[in-house]
Structures are given as structure tokens and as C-alpha cells.
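See below for the structure under consideration.
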Amino acid sequence: MRYSQTFIPTVKEVPAEAEIISHQLMIRAGLMRKLASGTYIYLPAGQRILLKVMNIVREEMNRAGAQECTVPVVQPMELWQKTGRDIDYGETLGKFRDRHGRMNVLSPTAEEGFTYLASQEIQSYKQLPLNLYQINTKYRDEFRPRFGVLRSREFLMKDAYSFHATEECLHKTYMDMYHAYRRVFARCGLEFVIVEAETGEMGGTGSHQFTVPCENGEDVIVYTEDGQRAWNIEKAPVDPLPKQPPVRADAPAEVHTPSVGSIEAVCAFLKARPQDLIKTLIYKTDEEVFAVLVRGDHEVNPEKVNQFFVGHHIELADEETIQKVTGAAVGFAGPVGLAGRVGRILIDHAVAAMAVGITGANKTDYHLKNVVPGRDFPLEGPGIQVCDVRNAVAGDTWNGKKLLFKRGIEVGQVFKLGTKYSVKLEAFFLDEEGRRKPCLMGCYGIGINRIVASAIEQSHDEWGIIWPMTIAPWQVIVTPAAPDADVMEAAERIYRELLNKGVEVLLDDRDLRAGVKFKDADLLGIPIRITLGKNSLAEGKAEVKLRSEKDKQMVEISRAADFAAERVQQMLAKLNQI
RNA sequence: CGGGGUGUAGCUCAGUUUGGCCAGAGCGCCUGGUUUGGGACCAGGAAGUCGCAGGUUCGAAUCCUGUCACCCCGACCA
17 MRYSQTFIPT
27 VKEVPAEAEI
37 ISHQLMIRAG
47 LMRKLASGTY
57 IYLPAGQRIL
67 LKVMNIVREE
77 MNRAGAQECT
87 VPVVQPMELW
97 QKTGRDIDYG
107 ETLGKFRDRH
117 GRMNVLSPTA
127 EEGFTYLASQ
137 EIQSYKQLPL
147 NLYQINTKYR
157 DEFRPRFGVL
167 RSREFLMKDA
177 YSFHATEECL
187 HKTYMDMYHA
197 YRRVFARCGL
207 EFVIVEAETG
217 EMGGTGSHQF
227 TVPCENGEDV
237 IVYTEDGQRA
247 WNIEKAPVDP
257 LPKQPPVRAD
267 APAEVHTPSV
277 GSIEAVCAFL
287 KARPQDLIKT
297 LIYKTDEEVF
307 AVLVRGDHEV
317 NPEKVNQFFV
327 GHHIELADEE
337 TIQKVTGAAV
347 GFAGPVGLAG
357 RVGRILIDHA
367 VAAMAVGITG
377 ANKTDYHLKN
387 VVPGRDFPLE
397 GPGIQVCDVR
407 NAVAGDTWNG
417 KKLLFKRGIE
427 VGQVFKLGTK
437 YSVKLEAFFL
447 DEEGRRKPCL
457 MGCYGIGINR
467 IVASAIEQSH
477 DEWGIIWPMT
487 IAPWQVIVTP
497 AAPDADVMEA
507 AERIYRELLN
517 KGVEVLLDDR
527 DLRAGVKFKD
537 ADLLGIPIRI
547 TLGKNSLAEG
557 KAEVKLRSEK
567 DKQMVEISRA
577 ADFAAERVQQ
587 MLAKLNQI
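Using the numbering used here, the first residue of the first sequence is number 17, and each one after it goes up by one.
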């Protein structure tokens with residue numbers, strides 16, 4: 017392709033709207049433009065990259081035995097009402113009413129669509145397993161789109177759904193997909209970490225996330241110091257802390273703490289440290305109010321709490337409920353005398369390990385000091401449980417191994433769904449003995465746009481993007497660096513040779529100074545550049561430079577195309593060989 | 001949805017506190033010339049209802065009211 021014929025509008029200045037490097041470079045390199053908050057137009061170079069990623073994903077899905085379909089983006093609301101996800105998804109679910117008054121959903125994911133299909137088509141165990149996927153636009157009306165394409169309202173997702181008669185069969189496909197995912201991300205040139213993930217409200221039986229470590233990631237990865245285990249922070253377990261040696265403590269005493277509700281405020285007021293406090297949070301489900309106790313410097317992990325209320329949605333209680341249960345305003349709840357006033361009390365191990373602490377007094381504007389867990393409030397009894405309900409923090413261990421932390425971008429997730437959707441949408445089959453059973457399901461997602469953004473986050477320098485060969489918009493750029501006709505001619509010849517060899521090559525035939533061409537080539541991140549200048553031409557040589565390396569190499573002009581084509585093959589092979 | 005911030009030329013921004021002599025700069029774009037291996041130089045030029053709608057005023061980018069959009073933090077998120 018000739019640069020003069022392309023539409024690659026690069027920009028010098030950093031766009032004001034872009035905060036993180038991948039977002040900045042995607043705009044600066046002319047890959048995309050914003051249409052509205054969280055929605056982007058992909059320009060030709062960006063589109064080429066997306067297509068390359070999609071093709072890698074497609075090849076690996078097909079290799080793993082999944083078959084490609086397409087399910088409509090616009091789906092009837094009734095389908096979503098059957099699974100209850102019209103409610104569960106809340107405001108994030110995009111919907112609109114059509115001219116007939118029917119409500120429609122803009123698909124944020126497609127369990128419903130594929131399970132509907134299975135419910136219509138699958139009758140016998142002989143049809144199983146079945147593994148179907150699509151690569152299609154998804155829409156989520158995010159509260160706050162951000163970080164360019166890392167959290168956008170509209171995005172491309174590869175989503176696969178598998179149907180099985182047995183747990184073993186589900187597990188086999190799950191592992192096939194797991195390995196296919198490893199291949200996908202490796203081929204895209206990404207460094208990634210596989211973490212154990214929470215199955216959340218979906219009540220599934222297992223899940224892994226594929227995460228690209230980088231500063232700008234929204235997810236937190238927790239891993240053991242020996243690298244043997246890794247989790248999403250939502251899932252990461254922690255060892256109970258050692259019980260602190262008992263101290264002589266007087267009976268609990270009320271202290272007047274007017275309007276001092278937050279942890280920081282209490283600390284400042286009582287000259288205490290956050291770890292000396294016991295935080296009491298009041299939660300509710302649709303049928304019960306319960307309390308969670310964590311140390312003042314710890315955070316409740318809602319996913320861990322959720323394990324105790326499978327199938328229910330938990331949320332922080334409203335002011336009115338808190339007032340009713342504790343008899344005090346928000347900020348003054350405490351465990352002393354709380355048993356019996358709430359359905360359950362979950363006490364984090366770290367709280368149980370405390371010798372003495374400060375808590376709310378269940379009385380507005382008062383706290384209690386000298387509170388000794390076990391003495392002043394029970395650590396066991398009906399509805400009372402000491403357990404792991406907080407986020408891991410620096411210094412924590414698991415099985416005695418130190419836990420370390422990293423930020424990351426989630427680019428894929430595999431998930432054993434169980435029968436949640438097949439039961440609700442009646443995707444049943446008859447087994448060998450004629451019994452009617454719901455299909456066991458797995459679902460498997462990959463964020464196509466996120467792969468692109470993470471590749472940039474992970475591979476760039478001060479000049480621009482450095483694409484892995486497998487997903488680069490072009491493999492080679494030929495840059496005539498002088499306006500002379502013979503230089504241009506030599507470049508043309510190399511360009512045609514490369515085209516004939518099937519190399520994806522861009523010829524920078526623009527009437528511009530060499531510096532501008534170099535800047536654009538670097539910004540765009542094309543892996544190999546062949547430069548022709550007056551001097552090198554006089555010596556019969558062309559210069560070959562890898563985007564990822566500083567050094568250039570002089571090659572005989574007659575061999576330049578061959579040389580570059582070989583390098584392309586080597587670089588592709590290196591990424592594809594796994 | 002709560003908190004903070006920003007809307008002025010295609011882009012990045014100054015000007016708003018203290019209303020008028022204030023429609024500006026750099027980059028980009030167009031024309032001509034010189035230049036030609038790391039975002040060239042000179043000369044000339046086009047380009048903005050100052051987000052939008054009201055209001056105050058002799059006079060509004062600037063003050064007031066409303067509204068919209070965008071960005072950041074938080075809450076939320078298979």
C-alpha cells in the first residue's frame with residue numbers, strides 16, 4: 017500500500033482527553049478517533065490491527081473445536097427477563113423500545129442468545145458437546161467509560177459458549193479453551209498472567225482470568241512470592257493473622273466522638289492507628305441484614321462475603337436500616353451487643369486476632385474503647401462466624417508464602433457456568449437413560465480491543481508504538497529518505513518485490529522530508545523499516561532497522577527485500593511457535 | 001449517581017479574577033520560493049455565532065441563570 021493513498025491521520029500533540037499511553041498513542045498514530053464518551057471510530061490502520069487480532073482468535077478457536085456463529089446485537093427483552101438479567105445488569109444494560117412498543121436489549125454478552133439456540137436445537141446427549149462462538153459488538157452502558165478502549169461502552173468481544181452432558185466433558189472443553197487462550201495471547205505478543213478468578217453471583221464452579229500486567233490496569237493481581245499461585249484480588253485468600261498477645265484491658269468505655277464517623281476521623285480524634293479500630297459494616301440481602309467486621313486498615317471483599325450468601329445479591333444497607341439495627345447513625349455501628357440484632361455476623365480473622373480495639377458504640381456520636389474480641393463480643397455462636405472476608409494487603413501471606421501485588425488489564429476470562437442459564441432457558445437434553453437434564457455450560461470471553469490497547473501499554477517507547485509482528489498494521493515500511501528520482505525508484509523496486517513475496521508493506525511515497533516519515537513510521541510502530549538514502553544508494557545498499565532495536569543494518573539493495581521478508585517470517589514464527 | 005475540572009480556529013492552549021482599545025499564540029492547513037536522513041526556513045493567506053439557550057448592561061468569551069458535552073476521582077461493573 018502507498019502511504020500517499022492511505023488515511024492515517026497522525027498527530028503531534030498529545031490529545032487532551034487521553035490520560036493513559038495506549039489511548040494517547042491510538043489517537044496520535046491515527047488508529048482511532050472518539051465519537052462520543054466511550055465510543056470510538058476505528059480508522060484504517062486501527063481496523064487492520066483489529067482484524068489481525070480477530071484472525072488469531074478465530075484460528076485458535078477453530079483449532080480448539082469451537083464453531084463460529086453470529087447472534088444479533090439487538091435482542092428481545094423477554095429473553096433477558098427469563099434469566100433475570102434485565103434486573104441483575106441494571107443500568108448497564110442498554111435498551112430501547114422499537115416502533116411496535118417492544119423492548120429490546122443491546123447485547124452486553126450473549127449467554128441468553130446462545131442458550132436460547134441450544135434450548136431449541138439440543139435434544140440428545142448425542143449432540144453434545146457443542147462449542148459455539150462469535151466475534152461481535154457488545155454494548156454496556158458503563159457508568160463511567162474511561163482509559164480509551166480499556167473501558168468503553170461499545171467494544172468487540174469474542175464470546176464462546178459450550179454445552180455438555182457431564183462435568184468431565186465441561187472440564188475438558190474448559191481446559192481446551194484455557195490452552196487456546198494461552199495461544200491467542202502468546203501469539204499476540206502479550207506477556208500475561210493467568211489468575212484464579214471469582215465466580216461471583218453467577219454461582220459457577222471455576223474461572224480463570226487472563227491478565228496483562230501493566231501500570232494502567234484496573235484489576236489487581238495477587239500472587240505468591242514463588243509465583244506458584246495467582247488470583248484476582250477478589251479471590252485471593254489470606255492466612256489468618258497470629259493472635260496478638262492478650263493485654264490487660266479495662267471494661268469497654270464509651271468515649272464521646274461527636275460527628276466523628278469515618279476511620280480517619282476517629283483515628284485523628286482518638287490519636288489511634290487504623291489497625292487499632294474495628295470497622296463494622298451493615299449489609300443486606302433481599303431477605304436478611306447482616307454485619308461484617310474488619311480491621312480499620314482493611315477493606316471488605318464483597319466477593320468473599322458473597323460466598324456466604326450464594327444466589328443472593330448483597331449490598332451495603334441504607335441509612336434507615338442501619339439506624340434501625342444499631343440504634344445509631346451511620347459511622348457508629350459496633351459489635352458489642354450486636355448479636356441477635358442482625359441475622360449473621362461475619363468476623364474477619366484479623367479482627368479475631370486483635371487483643372483490644374476501638375469500635376462504634378451503637379450510639380450516635382460515641383465509640384467504645386477497650387473492646388476485647390471474645391470477651392466483649394462473641395467470636396462464636398449461632399450466626400457468628402470468624403472467616404476470611406477482606407482484601408489481601410501487602411504483608412499478608414497464604415500458606416505461609418508472602419503475597420505480592422501487581423496491576424493488570426483483564427483481556428480474557430474462562431468460566432464454568434454450570435446450569436444457571438440452561439435451567440432458566442430450558443436448554444435440556446435426554447441422557448443415555450432417557451432422563452431430562454439441563455446442559456452444563458461454560459463461557460469464554462476475549463476483549464479484542466483490550467488486546468490492542470494492552471499490546472501498546474506493554475510495548476512502546478517515547479517515539480510511539482512497537483507492534484509485535486503478528487498484529488502490526490503493516491509488517492514493513494519502505495522509506496525513501498531523499499527526494500531524488502533514483503532513490504524513489506529503488507524504493508519502488510523493493511516495495512514491489514516485497515509485495516510479490518506476500519509481505520504486508522507500506523511504501524512511504526509522500527513528498528515529505530525524511531524526518532517526518534521516520535516520526536510517522538515510529539509512531540505507527542511498524543516492526544521493520546527499510547530506508548533508502550542518497551548515500552546508501554550510491555554504495556548499492558539499503559538500511560534495515562527494527563522498530564524494537566536501536567541499531568540499523570546495511571544490506572545490499574538486491575538482497576533487501578529478501579532480507580526483510582526473512583526477518584518477517586522469523587519474527588512471526590517466534591510468536592506463533594507455541 | 002456523589003465530588004472536582006474543562007468547553008475559545010482542525011489540534012494544544014492563553015485571554016475570563018477586574019466587562020470596552022481582546023478574537024490571540026504555537027502546531028496543522030492553502031499559495032509561492034528555498035531546503036531535503038529525525039516532525040525545515042522565509043513570505044503571503046484561509047480559518048472561530050468564544051459549547052448551547054436565556055438574562056443583566058450603552059457594551060459580554062469575561063457577570064448571572066439554565067442546559068448540554070467531555071475529562072478526572074469515587075461508587076458501580078460476566
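Backbone N, C-alpha and C define an ideal beta-carbon position, used for all residues, glycine too.
Source: prediction; values computed, not measured.
Approximately 17 Å separates the beta-carbon atoms of SER53 and PRO124; this is outside 8 Å, ruling out the contact. A distance below 7 Å between beta-carbons, with the five flanking residues on each side excluded, links LYS550 to the following residues of its chain, in chain order: ALA498, ASP500, VAL503. Around the Cβ of GLN40, a 10 Å sphere holds 16 or more other Cβ atoms; the residue is buried. Taking all protein chains shown into account, ILE103 has fewer than 16 neighbouring C-beta atoms within 10 Å of its C-beta and is therefore exposed. Taking C-beta atoms under 8 Å as the contact rule, THR227 and LEU419 fail to qualify, at a distance of about 16 Å.
With 16 or more other Cβ atoms inside 10 Å of its own Cβ, MET457 counts as buried. With fewer than 16 neighbouring CB atoms inside 10 Å of its own CB, GLU94 falls in the exposed class. Of the residues assessed, SER552 falls on the buried side of the cut-off, its CB having 16 or more other CB atoms within 10 angstroms. Taking C-alpha positions only, GLY390 is separated from HIS365 by approximately 12 Å. Taking a contact as a CB-CB distance under 8 Å, the pair ALA176 and PHE445 does not count as one, their CB atoms being some 19 Å apart.
Residues of the same chain with a CB within less than 6 Å of the CB of ILE472, apart from the 5 flanking positions on each side, are SER38, LEU41, ILE481 in chain order.
Here ALA246 really is in contact with VAL211; their C-beta atoms are around 4 Å apart, less than 8 Å.
In this structure ASN386 is in contact with PRO268, their Cβ atoms being roughly 5 Å apart against a cut-off of 8 Å. In the three-state DSSP reduction, GLN150 falls in the strand class (E or B). If you draw a straight line from the Cα of GLY350 to the Cα of VAL282, it comes to about 13 Å. DSSP, reduced to helix, strand and coil, places TYR105 outside both helices and strands of the structure shown, so it counts as coil. DSSP, read as helix, strand or coil, puts ILE510 in helix. Taking C-beta atoms as the reference points, THR495 and LEU548 count as a pair closer than 9 Å. Going by DSSP, PHE112 is part of the beta strand (DSSP E) stretching over 110-113.
Straight-line measurement puts the Cα of GLU214 at about 23 Å from the Cα of ASP313. ALA554 and VAL584 have their C-alpha atoms roughly 26 Å apart. Where HIS180 is concerned, the enclosing beta strand (DSSP E) starts and stops at 170-180.
Closest in C-alpha terms to GLY373, from the list ASP404, VAL305, ARG311, GLU396, comes ARG311. For HIS272, the pairing in a beta bridge is given by DSSP as TYR382.
Relative to the Cα of TYR19, the nearest Cα in the group ASP578, PHE579, LYS533, HIS187 belongs to LYS533.
About 6 Å separates the CB atoms of GLY129 and GLN91; that is less than 8 Å, so the two are in contact.
The shortest CA-to-CA distance from ALA410 to any of ASP255, LEU166, MET48 is the one to ASP255.
For MET587, no beta strand (DSSP E) encloses it; the enclosing alpha helix (DSSP H) starts and ends at 573-592. Segment contact: the region 229-236 against the region 423-430, three or more CB-CB distances shorter than 8 Å; contact assigned. Here GLY556 has GLU572, ILE573 as same chain residues with Cβ atoms under 7 Å from its own Cβ, once five neighbours each way along the sequence are excluded.
Every unbroken stretch of the beta strand (DSSP E) spanning 3 or more residues and falling wholly within the region 218-283 is given here in chain order: 222-229, 235-240, 246-248, 269-272. Counting along the chain, ILE467 sits inside the alpha helix (DSSP H) bounded by residues 464-474. Annotation: the continuous alpha helix (DSSP H) that includes GLU336 extends over 335-342. In its chain, beyond the 5 residues on either side, ILE294, LEU309, VAL310, ARG311, PRO389 have a beta carbon closer than 7 Å to the beta carbon of VAL367. GLU520 places its beta carbon 9 Å or farther from that of TRP479. Counting C-beta pairs closer than 8 Å gives three or more between the region 194-208 and the region 68-75, which meets the contact rule.
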